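Listed in order, the protein sequences are those of chains A and B.
All residue numbers for the first sequence refer to my numbering, where the first residue is 1 and numbers rise by one.
All residue numbers for the second sequence refer to my numbering, where the first residue is 1001 and numbers rise by one.
Virtual Cβ for every residue (Gly too), placed ideally from N, Cα, C.
Only a predicted model underlies this, so the values are computations on that prediction, with no experimental measurement involved.
2 protein chains.
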Amino acid sequence: MQDIARLAGVSVSTVSRALAGSHLVARGKREEIVRLAAERGYVVNTTARNLRLKRSETLSVAIPLGQGTGQSLTDPFFVRMIGHVADEITQRGYGMYLQKVLPPTESWLERLIDAGRADGIIVIGQNIEHAALQEAAAYRPLVVWGGHEPGQRYCTVGSDNVAGATAAVEHLLATGRRAIVFLGDTRVPEIRLRYEGYRCALESAPQGSAGARLLATPLAADAGYEALRALMREGAALDAVFGATDLVAIGALRALADAGRRVPGDVAVVGFDDIALAAHTTPPLTTVRQDFARGARTLVDLLLRRIAGEDTPSAVLQAELIVRDSSLVRGA
Amino acid sequence: MQDIARLAGVSVSTVSRALAGSHLVARGKREEIVRLAAERGYVVNTTARNLRLKRSETLSVAIPLGQGTGQSLTDPFFVRMIGHVADEITQRGYGMYLQKVLPPTESWLERLIDAGRADGIIVIGQNIEHAALQEAAAYRPLVVWGGHEPGQRYCTVGSDNVAGATAAVEHLLATGRRAIVFLGDTRVPEIRLRYEGYRCALESAPQGSAGARLLATPLAADAGYEALRALMREGAALDAVFGATDLVAIGALRALADAGRRVPGDVAVVGFDDIALAAHTTPPLTTVRQDFARGARTLVDLLLRRIAGEDTPSAVLQAELIVRDSSLVRGA
DNA sequence: TTGAAAGCGCTACCAT
DNA sequence: ATGGTAGCGCTTTCAA
């Protein structure tokens, strides 16, 4: 900036103002300075600027990967969410600092918060870290994607997991399914809520239906595959599978195919998320769609409002059942 | 830091040193200071630190999304790559600044580089931006994931697209396929290289084989689906499809299923990438595996070496053909 | 409308 | 082993 000032024959103050588009600088001079900077490839140093302004125009996105839940950063759900959040953040002229948090790290939230790298934090997925989040609740510029539970002190944005799961299971019951297995890891709050919706729907099940059956499995396709194979080897009766995520459901699809069970003829399969590939499985997967784009927009909106000092409530987004071939009426 | 110094009854210099773990500070005093900081939730301000040190311990990851190539940040390929790169960066104690670059942005590379936010830049995918990259070649701390082409001045890391594609097509020919269609967008350098490998293999095809047939399509499942459907409606003869990416191949799988063509009985399908879901399609997809983990490691390695002042050459990684059911021997 | 100068929070040099 | 202090590059108040 010194250089530009010297070249333009003005002070650094004037250059700073000109580059910020201030009208305090004479129009001609301003344009001259801007031209000069562009020519010389000068760009304002963000670090110095941030230090001076005490804000970074950057939002931190943190992804806690719980121990053994099997999720990884490459999980299509995270990827999808990261993509949409990146869109939203970029659109508002903010930068995005991506942080992957592995479980053993202690007080990661505090560190992230106070280091001054970002103006606020978006945490995607509560994933076991519920307690840490509760503690950080006092810190305002924080919004979490996940399930909203009573007694929760931090601000969340998430789909209506209970209602979504209930709709899925009611659909299965309505199409004649009677033995519906739930595949997932209920240690994750969102999954627990989905399981709750599942149980809830089963309570009003017709006579002759089997009760709730929870098959615990990490949230990955391989895990879903293995878990369901094991269950079938045991000879358990089932005519429907509700995968807690599409990934798990896709694993289930393959396990069924390998075992010679026809989908949807013998067994119906339903997932949750509606990731891009759900429409392209064989058969295409019935699933509960989460509105990721809307979710991302809401996350960023709420966070920016919190940064501005507002105290925002949690938001629950509607989730929509998308019926595809994997749960067609039995025998259809 | 002032506060901590006052509390500990020492100078800020000492606090700074203690927090950095310097052995110049008496052991007892050091521990006392660290304890005090932890207690009061004090964390060193990264921005000030970076300004002073003139480095940010942060790497920028930029993803240029070309016009109309149909790729989006939610493409499993990007997601996978981002995940692995995030892993590598995190592991080395660096932060990751994620940047999505939309085409109209001008001189985005320069801005990114000079703003001082990051010590170096990883660009994932050349995607139409080849020219801009060539210009930025002078800027050293820059590594690009993509194809390596003659005359290229910037440092790339990428799979051996030509060899990978050749292996895939040779496999198809060896198993009796004679009319192999290539599905993809050859404006993207990597895809152009794959197409080259495809043509190369076809040149040594047995008598009676059809020549190269390029079906241009954006790199997304829907696009692959539509493109292949259109081709089949035209009544074109084909007994194999080579999708430039797994996503396109998955679209092709579904188009074939919808049209009543059996895979691999009537038509073989091969993809490229080996994304997680390739093993879970019906039938499981034969594909050319890119070693993403290794690629990410190499990207970060080379970038850090460039930051240290070294001039590194481009790296080409081997790509491995993974044969699954979608290309089993005809009639098998 | 412009310039001088203070200071954001930190590290590292130079003294002691 | 510890402290004083300059200065990283910028914005903004205050004075002119």
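Rounded to the nearest angstrom, the gap between the Cα atoms of Glu-1196/B and Val-1162/B is 6 Å.
A check of alpha carbon separations from Ile-1122/B across Ser-1013/B, Arg-1262/B, Cys-1155/B identifies Cys-1155/B as the nearest. Excluding the 5 residues flanking it on each side, Arg-1192/B has same chain C-beta neighbours closer than 8 Å at Gly-1147, Thr-1186, in chain order. Counting of Cβ neighbours within 10 angstroms places Ser-327/A among the buried residues, the total reaching 16 or more.
Residues of the region 235-259 of chain A that bring their beta carbon within less than 9 Å of a beta carbon in chain B comprise Leu-247, Ile-250, Gly-251, Leu-253, Arg-254, Ala-257, in sequence order. Under the 8 Å criterion on CB atoms, Thr-1312/B is classed as non-interfacial with respect to chain A. For Met-1001/B, not one C-beta of chain A is nearer than 8 Å to its own C-beta.
By the 16-neighbour rule on beta-carbons within 10 angstroms, Pro-1141/B is buried. Secondary structure within the region 1132-1158 of chain B: the beta strand (DSSP E) runs of 3 or more consecutive residues, fully enclosed, are 1142-1145 (chain order). For Ser-1326/B, the closest Cβ of chain A is not nearer than 8 Å. Between the alpha carbons of Ile-124/A and Pro-1206/B lies a distance of about 53 Å.
Under the DSSP assignment, Ala-115/A falls outside any alpha helix (DSSP H); it carries neither an H nor an E label.
Looking at the DSSP output, Lys-100/A sits in a beta bridge with Ile-63/A. Gly-1095/B places its beta carbon 8 Å or farther from that of Glu-110/A. Listed in chain order, the non-local C-beta contacts of Val-101/A below 6 Å within the same chain comprise Ala-62, Pro-64, Trp-108, local neighbours out to five positions each way being set aside. The region 1249-1259 of chain B and the region 221-228 of chain A do not touch, with fewer than 3 CB-CB distances between them shorter than 8 Å. Residue pairing of Gly-1243/B in beta bridges, as defined by DSSP: Leu-1183/B.
Residue pairing from DSSP places Gly-95/A in a beta bridge opposite Thr-58/A.
At a cut-off of 8 Å, the C-beta of Ser-1159/B has no neighbouring C-beta in chain A.
Less than 8 Å divides the Cβ of Asp-1239/B from the Cβ of Ala-1268/B.
Below the 9 Å Cβ cutoff, chain A contributes Gly-41, Val-43 as neighbours of Glu-1110/B, in chain order. In summary, Leu-1133/B is buried, with 16 or more beta-carbon neighbours lying within 10 Å of its beta-carbon over all protein chains present. In this chain, Ile-1307/B is not harboured by any beta strand (DSSP E); it is covered by the alpha helix (DSSP H) spanning 1292-1307. Apart from the 5 residues on each side of it in sequence, Arg-1305/B sits with its Cβ closer than 8 Å to the Cβ of Thr-1312 in its chain, given in chain order.
Non-local C-beta neighbours of Arg-17/A in its own chain, meaning closer than 6 Å and more than five positions away in sequence, comprise Leu-24, Val-25, ordered along the chain. The count of Cβ pairs closer than 8 Å, one atom from the region 75-84 of chain A and one from the region 284-296 of chain A, reaches three, so the stretches are in contact.
By the rule that beta-carbons nearer than 8 Å mark a contact, Ser-56/A touches chain B. The three-state secondary structure of Thr-1175/B, taken from DSSP, is coil. Setting aside the 5 residues that flank it on each side, Asp-246/A is surrounded in the same chain by Gly-271, Asp-273, Ile-275, Ala-278, Thr-287, each with a C-beta closer than 6 Å to its C-beta; the list follows chain order. From the beta-carbon of Thr-1281/B, the residues of chain A found nearer than 8 Å are His-280, Thr-281, Thr-282. Distances from the alpha-carbon of Glu-149/A to those of Ser-314/A, Arg-178/A, Ile-322/A put Ser-314/A closest. Following the DSSP letters along the chain, one finds Ile-322/A inside the beta strand (DSSP E) bounded by residues 320-322. In this structure Gln-2/A is exposed. Its beta-carbon is surrounded by fewer than 16 other beta-carbon atoms within 10 angstroms.
Nearest in C-alpha terms to Val-1329/B, of all of Ile-1033/B, Gly-1309/B, Arg-1262/B, is Arg-1262/B. For the 8 Å CB-CB criterion, Arg-1178/B and Ser-1204/B do not form a contact. When C-alpha distances from Gly-1158/B are compared across Ser-1013/B, Ala-1319/B, Glu-1039/B, Glu-1032/B, the shortest belongs to Ala-1319/B.
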